[in-house]
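Trainee:
Numbering (our numbering), first residue to last: 40 to 170.
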């Protein structure tokens, strides 16, 4: 249920189901969790929406000329790869780029869910390796 709540909510706001799957794929790739990335790529491909959203899944894509998307990707990448570097000023950077407060909360939910899922996956893998 947490999976669908984070990735396929009834009210996705400015973060469509396809975008959430693409962000999840990106986070999994940044975390070097390719099996999870493949799962989210499949979700992304099956969700409705413009195919260009698929670029988001590529960690090398920075959002191009879209300031809203650039801010979201920068924040997602920072929280994923260097949590200690996140500062209070990162939230105003999102709002300055036009990201609504509701969408900041939605983005935080997606990132938090993926962080949990990745840690769980790593933990289960370590338990399996120890057996």
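From the three backbone atoms N, C-alpha and C, an ideal C-beta is built for every residue, glycine too.
1. Relative to the C-alpha of residue 107, which candidate in 161, 159 and 143 has its C-alpha closest?
2. Are the CB atoms of residue 45 and residue 138 nearer to each other than 8 Å?
3. Beta-carbon separation of residue 69 and residue 120 under 8 Å?
4. Just how far apart, CA to CA, sit residue 152 and residue 41?
5. In chain order, what residues of the same chain lie with their CB nearer than 7 Å to the CB of residue 110, ignoring the 5 residues before and after it?
6. Determine, using beta carbons only, whether residue 57 and residue 83 come nearer to each other than 8 Å.
7. Does the distance from the CB of residue 54 to the CB of residue 113 come in under 8 Å?
8. Classify residue 100 as helix, strand or coil using the three-state DSSP reduction.
9. Assign residue 139 to one of three DSSP states: helix, strand, or coil.
10. Can you tell me the Cα-Cα spacing of residue 99 and residue 89, whole angstroms?
11. Which of helix, strand or coil does DSSP assign to residue 144?
12. Out of 50, 63 and 157, state which residue places its alpha-carbon closest to the alpha-carbon of residue 96.
13. Would you kindly work out how many angstroms separate the C-alpha atoms of residue 158 and residue 127, rounded to a whole number?
Mentor: Once the coordinates are examined:
1. 143
2. no
3. yes
4. 8 Å
5. 132, 133, 136 and 138
6. yes
7. no
8. coil
9. coil
10. 19 Å
11. helix
12. 63
13. 25 Å
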